[in-house]
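The structure appears right after this line, and notes come after that.
Residue numbers (our numbering): 140 to 367.
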């Protein structure tokens, strides 16, 4: 765990007058706390596309990456299932055109396959301090609002109870040929999200959505950290 590198990223953003980290920066903070995130490379120039694609391997996802742009899907800044270097170069051009007027780059990442999506996060409550959240993710997050909360710090027992409190908790079990979720890894993610909130008071919110179950393993596919 590398708390110092996470603090450095956040302090740099605050010195620039920003109230949020980019997706890439947010995931660097998560990775510093041993939270599994997608293998990804930030691209600032089209000449970097081919080399990065070879390193990550197809199929790819490419996204606009800017702390100033929160809703990438609505702005056409996400391209999925990219399978050739030509498709990757075209996606780079389209994303950079869509980012015109914003300070940003293109984030190339592995395409994580999995039918089960979770949401995790943190919000800083005026009364209770940092509180950790767990629930069903993806399109169901706002429709079902099937979530549970705990005040940080969490232990493993707290994390396991959170998972079982949501109505859709059976999504974590072995179902329809899918293996049971690795609840040990999920517990560690929830515990460490709480630790970020406790360690770094400038973190106001953390939003991890979706966290995709790739087989049994949870991987954070998209992330946003909001600062005080």
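C-beta: ideal position from N, C-alpha, C; glycine also.
If I'm right that residue 180 touches residue 359 with Cβ under 8 Å, what's the distance once you round it to whole angstroms? Within the chain shown, residue 180 is the residue found at index 41, counting from 1. Within the chain shown, residue 359 is the residue found at index 220, counting from 1. Beta-carbon to beta-carbon, residue 180 and residue 359 are separated by about 16 Å, too far to satisfy the 8 Å threshold.
Leaving aside the five residues before and after residue 328 along the sequence, list all residues of the same chain whose C-beta is less than 7 Å from its C-beta, in chain order. Mapped onto the chain shown, residue 328 falls at position 189. 174, 259 and 357.
So, helix, strand or coil for residue 220, using DSSP? If you number the chain shown from 1, residue 220 lands on position 81. Three-state DSSP puts residue 220 in a strand.
Going by C-alpha to C-alpha distance, which of 188, 190 and 195 sits closest to residue 177? Here the question's residue 177 lines up with position 38 in the chain shown. Considering only alpha carbons, the answer is 195.
So the alpha helix (DSSP H) residue 307 belongs to, where does it begin and stop? Start at 1 with the first residue of the chain shown, and residue 307 comes out as number 168. Neither: residue 307 is in no alpha helix (DSSP H) and is coded neither H nor E.
Counting Cβ pairs closer than 8 Å, one from the stretch 213-222 and one from the stretch 262-275, do we hit at least three? Not touching, per the Cβ criterion.
Range of the contiguous alpha helix (DSSP H) that encloses residue 166: One-based indexing of the chain shown puts residue 166 at position 27. It spans 162-171 - the alpha helix (DSSP H) in which residue 166 sits, taken as one unbroken run.
Taking C-alpha atoms, which residue in 284, 162 and 233 lies nearest to residue 306? As a working mapping, residue 306 is identified with position 167 in the chain shown. Proximity to residue 306 across 284, 162 and 233 peaks at 284, based on C-alpha coordinates.
At the level of alpha carbons, what is the spacing between residue 304 and residue 310? As a first step, residue 304 must be located in the chain shown, where it is residue number 165. As a first step, residue 310 must be located in the chain shown, where it is residue number 171. Between residue 304 and residue 310, the C-alpha separation is close to 12 Å.
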